[in-house]
Amino acid sequence: MYNINRWLCMLVIIFVLTPVVFLSGCTCTFLASPEKQEAYNDYIAKTQELGNSLDRLEQLNKSVYDMLQDINYDFNNTAEAYTALGKITASLDIYMDELDVFITDCDNVIYASQKYRTYLNPDSSEYKQLLNNETSLTNSVQNAKKLKELCISTKSLFVEMNTWMQKATALLNKFNEGKSLTTGQEFYTWLITTRPVLDGYSTESNILISMTDDTIKQAQINNMPDDGIVSLRQFKNFIISSNSEIVSSYNTLVDLYNSQYGSAFGYVSKA
0 MYNINRWLCM LVIIFVLTPV VFLSGCTCTF LASPEKQEAY NDYIAKTQEL
50 GNSLDRLEQL NKSVYDMLQD INYDFNNTAE AYTALGKITA SLDIYMDELD
100 VFITDCDNVI YASQKYRTYL NPDSSEYKQL LNNETSLTNS VQNAKKLKEL
150 CISTKSLFVE MNTWMQKATA LLNKFNEGKS LTTGQEFYTW LITTRPVLDG
200 YSTESNILIS MTDDTIKQAQ INNMPDDGIV SLRQFKNFII SSNSEIVSSY
250 NTLVDLYNSQ YGSAFGYVSK A
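For the sequence shown, counting from 1, position 77 maps to 76 in numbering that gives the first Met the number 0; every step adds exactly one.
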């Protein structure tokens, strides 16, 4: 039984935005024209909108992190696992929407700042402060875009995990059916009908392994803590070992069948 609470918690990145002091260093200057006043007012309005976006991101980040901290389930409790995965993917959708809002708000502030700067003296401290703020915001936008890519990769991983669990459940049901076999013909039929279910499970396992690798790469791009990346690798190893064990179990049954009933009912190939 593999408990994925630990590594799931680490999939959430604590997104620390670059502090931006928008008006620090700005001086109160005489606005010589209505156009300059309008540009200044627009800049202030866009800055206030971004402040609200920052607040929403901070609150959402904490709520998602707290939710993941409270999750404690394993793959043997499929009902709990499905519910938890559903909550996580829904939260990631909200998180990505909030990131889109933040990126848009940053872009709006940058544009308004650039427009307002056209009315300022390039040698003034206000001009230079605005330029520094724009650079800082541009970096924050890039970080937000990288974080969104991680969210996309993580959501895809969880969706695939859901599909993998369905395949695993179907395969488990087939193995449970195998416990009641009484004749060589039943054994043969069970092996033949179980093989495509096993192949489907193995295919999903390989897809999940590949997507875990993609998520690890995105986590590294976002400078995710090493213990979070380690937990993802542990999950990947769990999928690899689980697939290997169940294929080995099937092949052991194939050997048993072939040695006892193969000559009478037909030989079966290993997976």
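Backbone N, C-alpha and C fix where the C-beta goes; we use that ideal spot for every residue, glycine too.
Keep in mind the model is a prediction, meaning the values are calculated, not measured.
request  = Could you give the DSSP three-state label for Val-267: helix, strand or coil?
outcome  = coil
inquiry  = Starting from Pro-121, trace the alpha helix (DSSP H) in both directions and tell me its first and last residue.
reply    = No alpha helix (DSSP H) contains Pro-121, which DSSP labels as neither H nor E.
ask   = With a CB to CB cut of under 7 Å and the five nearest residues on each side skipped, what residues in its chain are close to Leu-149?
value = Ile-12, Gln-217, Ala-218, Asn-221
task = Figure out for me which residue from Ser-123, Tyr-42, Ile-238 has the closest Cα to the Cα of Asp-106.
result = Tyr-42
inquiry  = If I follow the unbroken alpha helix (DSSP H) through Lys-216, where does it start and stop?
reply    = 183 to 220
inquiry  = So, at 8 Å on beta carbons, what are the nonlocal neighbours of Thr-117 in its own chain, with the 5 sequence-adjacent residues on each side left out?
reply    = Ala-38
Inter-residue Cα distance where the pair is Glu-176 and Phe-186 = 10 Å
inquiry  = Can you confirm whether the region 159 to 173 touches the region 201 to 208 when touching is taken to mean that 3 or more C-beta pairs between the two stretches lie within less than 8 Å?
reply    = yes
message = Threshold first: 4 residues or longer. Then list the alpha helix (DSSP H) segments lying entirely within the region 88 to 160, N to C.
response = none
message = Tell me which residues share the same chain as Ala-111 and place their Cβ nearer than 6 Å to its Cβ, disregarding the 5 neighbours each side in the sequence.
response = Asp-41, Tyr-42, Lys-45
inquiry  = Helix, strand or coil for Met-164? Go by DSSP, reduced to three states.
reply    = helix
key: Beta-carbon proximity check, Leu-84 vs Lys-154, cutoff 8 Å   = no
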